[in-house]
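S.K.:
In this note's numbering, the protein residues as written are 649 to 903.
1. With a threshold of 16 other CB atoms inside 10 Å of the CB of residue 757, please say whether the residue is buried or exposed.
2. Can you give the Cα-Cα distance for residue 901 and residue 873, rounded to whole angstroms?
3. Taking the continuous alpha helix (DSSP H) assigned at residue 778, which residues delimit it?
4. DSSP on residue 876, reduced to helix/strand/coil?
5. I need the straight-line Cα distance from residue 730 to residue 666, nearest angstrom please.
6. For chain D, check one thing: does any of its Cβ atoms lie closer than 8 Å to the Cβ of residue 697?
7. Are the segment 826-833 and the segment 846-853 touching, with three or more C-beta to C-beta distances below 8 Å?
8. Relative to the C-alpha of residue 714, which residue among 698, 699, 689, 728 is closest?
9. Could you round the C-beta distance between residue 848 and residue 883 to whole angstroms and report it? I think they count as a contact, below 8 Å.
10. Strictly by DSSP, which residues pair up with residue 891?
11. Comparing C-alpha positions only, which one of 735, 780, 771, 708 sits nearest to residue 751?
12. In the DSSP assignment, what residue or residues form a beta bridge with residue 900?
13. Can you list the alpha helix (DSSP H) stretches of 4 or more residues lying completely in the segment 726-762, in chain order?
14. Under three-state DSSP, which class holds residue 693?
15. Any idea what DSSP makes of residue 839, helix, strand or coil?
16. In three-state terms, what does DSSP make of residue 772?
17. Any contact between the segment 765-779 and the segment 714-729? By contact I mean 3 or more CB pairs, one from each, below 8 Å.
18. In the DSSP assignment, find the unbroken beta strand (DSSP E) run with residue 716 in it and report its ends.
19. Taking three-plus beta-carbon pairs below 8 Å as touching, is the segment 757-767 in contact with the segment 721-739?
20. Quick check on DSSP: helix, strand or coil for residue 904?
21. Whole angstroms is fine: what's the gap from residue 721's alpha carbon to residue 740's?
22. Can you give me the Cβ contacts of residue 811 inside the same chain, cut-off strictly under 6 Å, excluding the 5 residues immediately before and after it?
23. Between residue 692 and residue 788, is the Cβ-Cβ spacing less than 8 Å?
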């Protein structure tokens, strides 16, 4: 497999994971809440940063919003354009948004800031493109706050924290408020929406946590296998429990 094929394969795996997440109970409502916090109305211009396969952009477009999705991954944008031919997508990253100063009414970033090494730069760029009084909404999980029932609590903590350390900004969500204030935004609010999952749909997420911790050397192969086996048994017996807080911050650009 060539490097380009490997990159496409990785993007396709991420798209499948995001698709699965979009189907989870409560996720559609959470996206809707983010749109409401943006203060969307027909004709307003909104950018969805890190748009992935484009579902949010398509939903905003259906509401009459002039929505544009940007993502640095060419494969993501290609899939988004194929799925949603009536929506607009561009290849671009959070640090260099392809818009002139003060031209967008809203900026949205869902499950993006934990992937950024320089969130301050991304917020400065968002502030640049927003009109005075424009709205920004950030949504995402804090990677240290996966709450998982297990017969092995110490091992569970080790797995969760080790997997978090593989993310560039694992605790970005708890920083949303202070990051926005430091960037000069006003009227900052933060909400927490906790999803509780007990069905097998989230089993791949738990397996991924353990595999990540194992690949980082934080737990042994044997420890990871024991934990995964337990979680699979719990899923089969309807005894799995995962609570995942999602943080949603909103703010206004200075008028």
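Every residue, glycine too, gets a C-beta built ideally from N, C-alpha and C.
M.R.: Looking at the atomic coordinates:
1. Around the C-beta of residue 757, 16 or more other C-beta atoms lie within 10 Å, and the residue is accordingly described as buried.
2. Annotation: residue 901 to residue 873 spans about 48 Å, alpha carbon to alpha carbon.
3. No alpha helix (DSSP H) holds residue 778; the beta strand (DSSP E) holding it covers 778-789.
4. Helix at residue 876.
5. For residue 730 and residue 666, the distance between alpha carbons rounds to 16 Å.
6. The structure shown contains no chain D; it holds only a single protein chain.
7. No, the segment 826-833 does not touch the segment 846-853.
8. It is 689.
9. Right, their Cβ atoms sit about 4 Å apart.
10. In DSSP, residue 891 forms a bridge with 795, 844.
11. Out of 735, 780, 771, 708, 780 has the C-alpha closest to the C-alpha of residue 751.
12. In the DSSP secondary-structure assignment, residue 900 is bridged to 783, 834.
13. Within the segment 726-762, there are no complete alpha helix (DSSP H) runs of at least 4 residues.
14. Here residue 693 sits in strand by DSSP.
15. The answer is strand: DSSP assigns residue 839 an E or B state.
16. DSSP places residue 772 in the helix class (H, G or I) of the three-state scheme.
17. Cβ pair count under 8 Å is below three, so no.
18. Element bounds for residue 716: 714-719.
19. With the cut-off at 8 Å, the segment 757-767 and the segment 721-739 do not touch.
20. Because the chain is modelled from 649 through 903, residue 904 falls outside the range shown and cannot be assessed.
21. Rounded to whole angstroms, residue 721 to residue 740 spans 8 Å at the Cα level.
22. So the qualifying residues of the chain are 857, 860, 861.
23. Going by beta carbons, residue 692 and residue 788 fall outside the 8 Å limit.
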